[in-house]
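So the sequence lines, in the order shown, correspond to chains A and B. Counting from 1, one number per residue, gives the positions in the first sequence under my numbering. Counting from 1, one number per residue, gives the positions in the second sequence under my numbering. Where a beta carbon is used, it is the ideal one built from N, C-alpha and C, also for glycine. Report on one structure; see the data block that follows.
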Amino acid sequence: MLPTNVSVVDYASVRVFRSHRRFELSQYMLSRYKTMSAVPSDTVKNKSRIYWLRHINKLRWVSLGVVFSMLILLPLISVYQNYVAAHAYDLLMPDEKRLYDVMEYLTESFTSDPENDLDAIKGTTWSGIIFGLKLSDPLAVLGQIFAGLGVYLPFLLTALIPVLLTLIFGRVYCGWVCPATLIYELNTNLGAWLHRSGLPIGQKHFDRRIKYLVLLVGLILSAISGSVLFAAIYPPAIIGREIYYVMALGGFGSGIVFFVITLLFDLLVARRGFCRYLCPGGALYSLLGRYRLLRIKRVAEDCNDCNKCNAICEFGLDPMRDDFGQECNNCTACIAICPTEALIFNIRQKDLPYQGPGHLGHSYRTSQQSAAKNDGAD
Amino acid sequence: MHRRKVLRQLTLGGGIVAGAGLPYGLARMLAPEQKRLSRSTDLKPPGALADDQAFVEACIGCGLCGEVCPPRCIAFKKREGGEEVNTPYIDPEIKACILCGKCMDACPTEALTKVEIDEIYMGIVQIDRSACYPWVDQGICGACVAICPLGEKAIAFDFANIYRPVVKQGCVGCGLCVEVCPHPSLPIRVVKQSKSKRVKQVI
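Below you can see the structure in the form of structure tokens.
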């Protein structure tokens, strides 16, 4: 087929030849893959895969970004509106008036009275008000109960909705809402980037149960000292508060130093180390989400044992061997990375026991072949 | 051999417990306790629990009171706070409370509970009659009386001289008069008064 007798190289025909060759090669690989695969092709066809599941991870990034930007924007807008309320609107310069009008237009839905303040969404994820509904972190409630050694019912009820959501969806707060998660995951990416450029990063592993001890120690210390100590070491509380401090009060507090130390710990000692091993809030959410209803499940028929899910998992879990456990936060990073769409959501109270190697993987195929050989021998 | 194993396990256990307590130690180190003088610069927000210790126990340090405060008078104890770190306070010499009550509505805990404007107790104002301009006949002023949100029952003019301010028992200690006072040495200030004394005087 290749024109051998041309004296001048005909680039067009060479290109055609090459593309045809590539097509042939791909066809050949495909046929080989089909013969290699132990799974009959009709079972693959019949399975109802949910292809859009992998895009949920993008939604999670949107959610994290929205929460984080709200923490920055709302105090900023509030400060600006207070400034306008204090310095009469009529006295503003024309440019400032235009800016104020735009701000008012944008924030109209969040305010009942734009001249007063932005009162529909206030506070942080530690404790906040959303359209009149007060929500608090369960850790704040637990810490306060131990610090005050008494229960204040209205405050207890503010944690009801987060607790119910955690009971159903598991530790979703950590993966989907926590403003510190955004920074920690970007920090992980920075670590990977540093690793690629040849710099050493921390890859130590500790016992994941230390965080339950941190929770316990924190509760005991709160009861002894009579102040809610979690507020000082819980990254989402620190982030929300420090952003507000720097927006409205003109300076960081001590929490930002602690947060930077946790970032360095993550980078230099253990990947995502604070959340994995130390965070008391993560410990509480893990305990609450132990019998969650919504779980990620590995479909062993589709799995090819590539280990990508284990590598991507921020919490060091073992999705490839069906070990999600109570610490999975349904963040869907493993679903997004899975090349064979083998991870799906399902509703059940416990993880499946280890289902064995994935059916598309090498070890399953060899075991099948040897089993077939044994059958033939028998 | 057995003893060595036990020893190693004990050391490991102690290490893990110490590791668990490490974040708290770190946080405590970053905010060492430095008690400030109890002056008018250290008022609790309106509606606060009267007992200091109970207030710190109830406060979770969320910062909502400061965020909803229209005049932004509520500040937070930062690096010097010790165990009171992140709890709110008001410094009326910088910015005083206007008694709008939004912080009481916003607070999720019982640290700030909703009370009527008359029943707020942040302190009571004291006037130094040896420095206040009208009291030493250095001119006429009346700024404190004009600004007071509670009016006649909290601060009024002296019967004999209509520019000399006199504090009444209705004062709740919001500190607006401190903020507005033109005297550089601030002869007017908010002081704390024991609850029993206050009740006796009211009766």
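Under 7 angstroms from the C-beta of residue i: neighbouring residues of chain B
i: A:VAL214; result: ALA20, PRO23
i: A:LEU278; result: PRO23
i: A:PRO75; result: GLU67
i: A:ASN82; result: PRO70, ARG72
i: A:SER127; result: ILE60, CYS62, LEU64, PRO108
i: A:GLY148; result: GLU57, ALA58
Within 8 angstroms, strictly: CB atoms of residue i and residue j
i: A:ALA283; j: A:LYS211; result: yes
i: B:TYR163; j: B:PRO134; result: yes
i: A:PHE259; j: A:ILE238; result: yes
i: A:GLU341; j: A:ASP305; result: no
i: A:THR181; j: A:LEU64; result: yes
i: A:ASN57; j: A:CYS174; result: no
i: B:LEU30; j: B:MET122; result: no
i: A:LEU71; j: A:ILE243; result: yes
i: B:ILE120; j: B:VAL191; result: no
i: A:GLY143; j: A:LEU213; result: no
i: A:LEU288; j: A:PRO179; result: no
i: B:LEU112; j: B:PRO45; result: yes
i: A:ARG241; j: A:GLY255; result: yes
Cross-chain neighbours of residue i in chain B, by beta carbon under 8 angstroms
i: A:LYS134; result: PRO108
i: A:ILE233; result: PRO23, TYR24, LEU26, ALA27
i: A:GLN144; result: GLU57, ALA58, ILE60, THR109
i: A:PHE258; result: PRO23, LEU26, ALA27, LEU30
i: A:PHE155; result: PRO108, THR109, GLU110
i: A:SER78; result: GLU67
i: A:ILE261; result: LEU26
i: A:TYR245; result: GLY63, PHE76, LYS78
i: A:TYR152; result: ALA58, THR109, GLU110
Per-residue burial, residue i [other beta carbons within 10 Å of its own, 16 or more giving buried]
i: A:ILE224; result: exposed
i: B:ASP137; result: exposed
i: A:HIS359; result: buried
i: B:LYS114; result: exposed
i: B:LYS153; result: exposed
i: B:PHE159; result: exposed
i: A:TRP52; result: exposed
i: A:SER363; result: exposed
i: A:GLN81; result: buried
i: A:ILE168; result: exposed
i: B:ILE127; result: buried
i: A:ASN46; result: For A:ASN46, the predicted model reports a pLDDT of 44, less than 50, meaning its position is unreliable; a value from the coordinates is still stated below. Per the 10 Å Cβ criterion, exposed.
i: A:ALA371; result: exposed
i: A:ASP101; result: exposed
i: A:GLY218; result: buried
i: B:ALA50; result: exposed
i: A:TRP61; result: exposed
i: A:THR43; result: Note that A:THR43 has pLDDT 48, beneath the 50 cutoff, so the model's placement of it is unreliable and the number below is only indicative. A:THR43 is exposed by the Cβ-count criterion.
i: A:LYS373; result: exposed
i: B:ARG28; result: buried
Neighbour list for residue i in chain A, Cβ cutoff strictly below 9 angstroms
i: B:CYS148; result: Correct list: empty, because the minimum Cβ distance to chain A is about 20 angstroms.
i: B:VAL17; result: LEU213, VAL217
i: B:GLU83; result: SER225, GLY226, SER227, LEU229
Interface residues of chain A facing residue i [CB-CB closer than 8 angstroms]
i: B:GLN9; result: Ordered by position in chain A, no residue passes the 8 angstroms Cβ test against B:GLN9, which lies about 13 angstroms from the chain.
i: B:ARG79; result: GLY253, SER254
Chain-ordered neighbours of residue i on chain A, where CB pairs are closer than 7 angstroms
i: B:GLN53; result: GLY226
i: B:VAL56; result: GLY226, SER227
Amino acids of chain B, ordered along the chain, whose beta-carbon sits closer than 9 angstroms to that of residue i
i: A:ARG241; result: GLY61, CYS62, GLY63, PHE76, ASN86
i: A:THR124; result: CYS62, GLY63, LEU64, GLU67
i: A:ILE296; result: Residues of chain B passing the Cβ test: none, with the nearest at roughly 29 angstroms.
i: A:ILE72; result: Within chain B, no residue comes near A:ILE72; the closest Cβ sits about 13 angstroms away, beyond 9 angstroms.
Beta-ladder partner(s) of residue i, from DSSP
i: A:ASN346; result: A:ARG295
i: A:ILE129; result: A:LYS122, A:LYS134
i: B:ALA48; result: B:LEU112
i: B:ALA75; result: B:TYR89
i: B:VAL191; result: B:ILE124
i: B:ALA156; result: B:VAL166
i: B:LEU43; result: B:ILE90
i: A:ASP323; result: A:ASP318
With a threshold of 8 angstroms, are at least 3 pairs of Cβ atoms found where one atom belongs to the segment 132-148 of chain A and the other to the segment 55-65 of chain B?
Yes, since at least three Cβ pairs between the segment 132-148 of chain A and the segment 55-65 of chain B fall closer than 8 angstroms, the two stretches touch.
Report yes or no: do three or more beta-carbon pairs, one from the segment 92-104 of chain B and one from the segment 172-179 of chain B, lie closer than 8 angstroms?
Between the segment 92-104 of chain B and the segment 172-179 of chain B there are three or more C-beta pairs closer than 8 angstroms, enough to call the two in contact.
Taking 8 angstroms as the cut-off, does the segment 230-247 of chain A touch the segment 71-86 of chain A (at least 3 CB pairs, one atom from each stretch)?
Contact between the segment 71-86 of chain A and the segment 230-247 of chain A is present, because at least three Cβ pairs lie under 8 angstroms.
Is it true that the segment 260-269 of chain A meets the segment 287-294 of chain A, where meeting means three or more beta-carbon pairs spaced less than 8 angstroms apart?
The segment 260-269 of chain A vs the segment 287-294 of chain A: no contact.
Could you tell me whether the segment 312-323 of chain A touches the segment 270-277 of chain A, where touching means 3 or more Cβ pairs closer than 8 angstroms?
By the Cβ criterion, the segment 312-323 of chain A is in contact with the segment 270-277 of chain A, since at least three pairs of Cβ atoms, one from each stretch, lie closer than 8 angstroms.
Tell me, please, whether the segment 127-136 of chain A touches the segment 187-206 of chain A by the rule of three or more beta-carbon pairs shorter than 8 angstroms.
Inter-segment contact for the segment 127-136 of chain A and the segment 187-206 of chain A is absent: fewer than three beta-carbon pairs are separated by less than 8 angstroms.
Taking three-plus beta-carbon pairs below 8 angstroms as touching, is the segment 9-27 of chain B in contact with the segment 178-197 of chain A?
Because the criterion of three Cβ pairs below 8 angstroms is not met, the segment 9-27 of chain B and the segment 178-197 of chain A do not touch.
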